[in-house]
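J.:
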Amino acid sequence: MILPSPQNNSTHAEVILNLKADLCLTYTVPEELIRRLRVGHMVLVPLGSRRVNGFVTLFPAPPPRRPGRSIIRLLDPEPFFGDNLISLVRWISQYYFCSFSRAFKTALPSPIRNTSNPSPVLHVALNISVEESGEEIEKLAGKAPRQADILKVLQGRTGTSPLAAVLKESGASRSSLTALEKKGLVVISQEDRYTSGRPGEEILPTGPLVLNDEQKVAFKEIVDAIDNEEFRVFLLHGITGSGKTEIYLQAVARVLERGEGAIIMVPEISLTPQTGERFRSRFGDQVVVIHSAQAAGERYSAWRRLADGRARIVLGPRSAVFAPVKNLGLIVVDEEHETSYKQSAIHPFYHGRDVAVMRGKLENCPVILGSATPSVESYNNQREGKYSLLTLSHRPDEAELPKVRIIDMRLEREKFRGGSSFSSILLREMKLNLEEGRQTILFLNRRGFFTVLVCRECGYVARCPHCSVSLTYHKGKRLQICHLCGYTAAPDRSCPLCKSKDITFSGRGTQRIEEQIKKIFPQARVRRMDTDSVGARDSHRIILDEFKAGRIDILVGTQMIAKGLDFPNVTLVGVIMADTALSLADFRATEYTFQILSQVGGRAGRGELKGTVIIQTNSPRHPALLSAVRHDYAAFFDQEIALRAELGYPPLNHFISLTVLSRNEDKSLRICEHLARLLRPVMAPEDEIMGPAPPPINRIRGRYRWQLLLKTHGVVSTLRALGQVLPGLGKDRDVKIEVDVDPISML
Ligand code: ADP
Ligand code: ZN
Ligand code: ZN
1 MILPSPQNNS
11 THAEVILNLK
21 ADLCLTYTVP
31 EELIRRLRVG
41 HMVLVPLGSR
51 RVNGFVTLFP
61 APPPRRPGRS
71 IIRLLDPEPF
81 FGDNLISLVR
91 WISQYYFCSF
101 SRAFKTALPS
111 PIRNTSNPSP
121 VLHVALNISV
131 EESGEEIEKL
141 AGKAPRQADI
151 LKVLQGRTGT
161 SPLAAVLKES
171 GASRSSLTAL
181 EKKGLVVISQ
191 EDRYTSGRPG
201 EEILPTGPLV
211 LNDEQKVAFK
221 EIVDAIDNEE
231 FRVFLLHGIT
241 GSGKTEIYLQ
251 AVARVLERGE
261 GAIIMVPEIS
271 LTPQTGERFR
281 SRFGDQVVVI
291 HSAQAAGERY
301 SAWRRLADGR
311 ARIVLGPRSA
321 VFAPVKNLGL
331 IVVDEEHETS
341 YKQSAIHPFY
351 HGRDVAVMRG
361 KLENCPVILG
371 SATPSVESYN
381 NQREGKYSLL
391 TLSHRPDEAE
401 LPKVRIIDMR
411 LEREKFRGGS
421 SFSSILLREM
431 KLNLEEGRQT
441 ILFLNRRGFF
451 TVLVCRECGY
461 VARCPHCSVS
471 LTYHKGKRLQ
481 ICHLCGYTAA
491 PDRSCPLCKS
501 KDITFSGRGT
511 QRIEEQIKKI
521 FPQARVRRMD
531 TDSVGARDSH
541 RIILDEFKAG
551 RIDILVGTQM
561 IAKGLDFPNV
571 TLVGVIMADT
581 ALSLADFRAT
591 EYTFQILSQV
601 GGRAGRGELK
611 GTVIIQTNSP
621 RHPALLSAVR
631 HDYAAFFDQE
641 IALRAELGYP
651 PLNHFISLTV
661 LSRNEDKSLR
671 ICEHLARLLR
681 PVMAPEDEIM
691 GPAPPPINRI
701 RGRYRWQLLL
711 KTHGVVSTLR
721 ALGQVLPGLG
731 KDRDVKIEVD
741 VDPISML
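If you're matching positions, the sequence shown starts at 1 in the numbering used here and goes up one per residue.
1. Count the CB pairs spanning the segment 125-143 and the segment 172-192 that are closer than 8 Å, and state whether there are at least three.
2. For Glu652, tell me which candidate among Glu260, Gly238, Glu384 has the shortest Cα-Cα distance.
3. Have a look at the DSSP bridge pairing and note the partners of Met690.
4. If we call anything under 8 Å between Cβ atoms a contact, is Val325 one with Ile263?
5. Considering Ile137, what are the terminal residues of the alpha helix (DSSP H) in which it resides?
6. Apply the 10 Å Cβ neighbour rule to Phe449 and answer buried if 16 or more other Cβ atoms are within range, or exposed otherwise.
7. Just verifying my parser: in three-state terms, what is the DSSP assignment at Ala103?
8. Buried or exposed, going by whether 16 or more other CB atoms sit within 10 Å of the CB of Gly114?
9. With distances taken Cα to Cα, identify the nearest neighbour of Leu37 among Val15, Pro162, Leu19, Val52.
10. Please give the ranges of any alpha helix (DSSP H) in the segment 146-178, keeping only runs that are unbroken, at least 4 residues long and fully inside the region.
11. Under 8 Å between the Cβ atoms of Pro695 and Ala676?
12. Output yes or no for whether 8 Å exceeds the beta carbon distance between Glu336 and Ser292.
13. For Phe81 and Gly40, which I take to be in contact (beta-carbon distance under 8 Å), what is that distance rounded to the nearest angstrom?
14. Return the first residue and the last residue of the alpha helix (DSSP H) that Ile425 is part of.
15. Cα separation between Thr617 and Tyr95?
16. Using 8 Å for Cβ pairs, my map puts Gly261 next to Leu167. What's the rounded Cβ distance?
17. Can you list every residue whose CB sits closer than 6 Å to some heavy atom of ligand 1, going in chain order?
18. By the DSSP assignment, the alpha helix (DSSP H) with Cys672 in it spans what residues?
19. To the nearest angstrom, report how far apart Asp734 and Ser70 are at their CA atoms.
20. Could you have a look at Ile441 and say whether DSSP puts it in helix, strand or coil?
21. So what does DSSP say about Gly284, is it helix, strand or coil?
22. First and last residue of the alpha helix (DSSP H) that includes Lys361?
23. Taking only the alpha-carbon atoms, compute the straight-line gap between Pro118 and Gln382 and give it to the nearest angstrom.
24. Relative to the alpha-carbon of Ser175, which residue among Ala635, Pro145, Lys667 has its alpha-carbon at the smallest distance?
25. Can you name, in chain order, every residue of its own chain whose Cβ lies under 7 Å from the Cβ of Leu669, other than the five neighbours on each side?
26. Suppose contacts are defined by Cβ-Cβ distances below 8 Å. Is Val333 in contact with Gly370 by that definition?
27. Evaluate Asn380 with the Cβ neighbour count: other Cβ atoms within 10 Å of its Cβ, from every protein chain shown; 16 or more gives buried, anything less gives exposed.
28. Alpha carbon to alpha carbon, how far is Ala721 from Thr245? Give it in angstroms, no decimals.
29. Between the segment 22-31 and the segment 60-69, are three or more C-beta pairs nearer than 8 Å?
30. How about Leu390 and Ala218: do their beta carbons lie closer than 8 Å?
31. Which residues bound the beta strand (DSSP E) around Asn53?
32. Across the segment 148-167 and the segment 87-102, are there enough close Cβ pairs to call them in contact, namely three or more that are closer than 8 Å?
33. Evaluate the contact criterion for the segment 656-665 versus the segment 735-744: three or more CB pairs, one atom per stretch, below 8 Å.
34. Assuming Asp638 is part of the alpha helix (DSSP H), what are its boundary residues?
35. Buried or exposed: where does His713 fall if 16 or more other Cβ atoms within 10 Å of its Cβ makes it buried?
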């Protein structure tokens, strides 16, 4: 970097412009701003004949070659971020191979960039309980249907919601809402309460619990690092229910005492409402909760409150890692192994956990990575001494770990010769559980994984014409749907190949499981929870509330029910088929299977009652399955790391996947080969280039994909080499190259 010459050192600032295009320009700083201007300030600047807003990213900045134009004025008195965030953004652009602007836009999402001095957003919330609102809806339905519609929308939301959004969703007018307000059924206010509760159900304040011995040891180490403002990464390995969250809470309390703030990252907020409640009940309004479904105004005020120090704790998914918390004193990444921390839909494909570690390093504060089943990467870092291991090995409530049984489904099928998804043992246990008034969770690895329409004569299965995957059948919609691109097709009535009319469902999607259960246990109250059945925001929460209240006997679902939930009355968990993850074309399949089975097992028997887990599988002797059953993480890790070492897979090396996309399959392959030839001589000799290969899903949205996989020890130097050779490929609008560093999915 060029250092500014002394005579110019306070008169220029680099500003990133808030435009679609990636543009960073240097402007002159007017006299009156020189003392006030700081990195992170939102400013108004001229561009051509327009005025646009932007953020100061470097001040003082080296003077431009040609004399620049001048900043017009400040748009916000307080900066939105500081130097540390800019350093973090620079690191992201370097490590994840994207432009500075792209990385910046990721850190400061558009609702924040595009709002300046917003007028106060009005919020609305139910002023009665959900049950009471049900009665009111019935009363209103005849006379004032619009008012009933508003209540219905509010029923499905937690906390306060922006007024405009509620009117839009309900289709009602402002006067209907005012009428409800007059009746005292709703409250309208400027207050944006990021509560996970409703006004009617106040969250009761709670205090710290007395830590047990293991918790004390872990807590002391963390507090020391907090007090010393020391960057250290703790891997808090504790089985489900062992009291990790209690440690986070007490560590955050310590941070607040010191006048600092904290970032708490959770995989998906709607799936972990209980975590939100626990933070709210301990820290009240100091907590802001962010989530992906938040309206722009809400996100803006959350960020603003943090930047001003009015709120000190942020709880949210991966984007929370960028929150402008003042005096950051602690970062917690709960369930650090979760793949949802990796951004995979849009560039940069950053990993929230790894960015959190980097942010902790830049801010000099400790980072806690918590998990019952740490990622192989993090555990390996601990083994290598980069992270400090803290272990919680038992549950404070002394609840016993559930009893786990593995059922060999190959034998079951021989016994019954037929299509049942359930072993006789699982059915027997379910029946017992129902009779005793206890709850059951049935867990299926992937939504719609097996639900396809298949011709019984010739085995034909419909595939997506744009992607190389089979279409899954969704009975509710009566459609076949592609899970990758959303292509839909009417179900085949007869087989396009052999013309047979014997087309039927194959498989055991969650819907199918639900139907089978309803047939077998007609008296049971069965609900399904997967991404199909949970459309609207917060409907997870409603299903979970019902389940908690005991109004559901059997809950059928995908991964999402395997997460941090706490249901004391669940005493049986059935895993319908444990092999699905093992058979995916991904080197992490075993790791995922181990994680899922361990987490699912943790669901049973969290209360007084002892739990049972039944795992149905076709591969009962698989080592990952056996270690999960024994709750033996170390055994799993040792086996897995040996395997990875043999193949040179991560975490012993890094992968960088380069995907070439083109509408022309030949071209994407040719360019991939060309790229490999260019790269070889500039990469380190011990690094490897694998491919070109078509990924298992080799066509998405009409574009063909060919892939190179780089296996490297040094990500940054390899990316530098890549940057050198890319221009040599020439320009072609039809060709796109995606760079994914440390990819999570190999599909
Ligand atoms: P985890 O986050 O590891 O799943 P939690 O922190 O949620 O574990 O703790 C599980 C349960 O045990 C919670 O109900 C929590 O209130 C309780 N708990 C945690 N620590 C203690 C303690 N020291 N004494 C008593 N109960 C505790
Ligand atoms: Zn056929
Ligand atoms: Zn498709």
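Cβ atoms here follow ideal geometry from the backbone N, Cα and C, with glycine treated the same way.
T.: Judging by the given coordinates:
1. Three or more Cβ pairs drawn from the segment 125-143 and the segment 172-192 lie within less than 8 Å of each other, which places the two stretches in contact.
2. A small correction: the amino acid at residue 652 is Leu; Glu does not occupy that position in the sequence shown. Nearest option by C-alpha distance: Glu384.
3. As DSSP reads the structure, Met690 sits in a beta bridge with Leu709.
4. yes
5. 130-143
6. Residue confidence for Phe449 is low, a pLDDT of 42 falling below 50, so the modelled location carries little weight and cannot support an answer.
7. Residue state, collapsed to three classes: helix.
8. Per the sequence presented here, residue 114 reads as Asn, with Gly not at that position. It counts as exposed.
9. Val15
10. 163-170
11. no
12. no
13. In this structure Phe81 touches Gly40 by the C-beta definition: roughly 4 Å separates them, less than 8 Å.
14. 424-435
15. Rounded to whole angstroms, Thr617 to Tyr95 spans 40 Å at the Cα level.
16. About 34 Å; that fails the 8 Å criterion.
17. Leu209, Val210, Leu211, Asn212, Gln215, Gly238, Thr240, Gly241, Ser242, Gly243, Lys244, Thr245, Glu246, Pro396, Asp397
18. 665-682
19. 39 Å
20. The DSSP-derived three-state label of Ile441 is strand.
21. helix
22. 352-363
23. The predicted model places Pro118 with a pLDDT of 48, which falls under 50 and marks its position as unreliable; any figure quoted below should be read in that light. So the alpha carbons of these two residues sit roughly 45 Å apart.
24. Scanning Ala635, Pro145, Lys667 for the CA closest to the CA of Ser175 turns up Pro145.
25. Pro692, Trp706
26. yes
27. Buried: at least 16 other Cβ atoms inside 10 Å.
28. Taking C-alpha positions only, Thr245 is separated from Ala721 by approximately 43 Å.
29. Judged by Cβ distances under 8 Å, the segment 22-31 makes contact with the segment 60-69, as three or more pairs qualify.
30. yes
31. 50-58
32. no
33. Yes, the segment 656-665 touches the segment 735-744.
34. 633-647
35. Counting Cβ neighbours within 10 Å, His713 comes out exposed, since fewer than 16 surround it.
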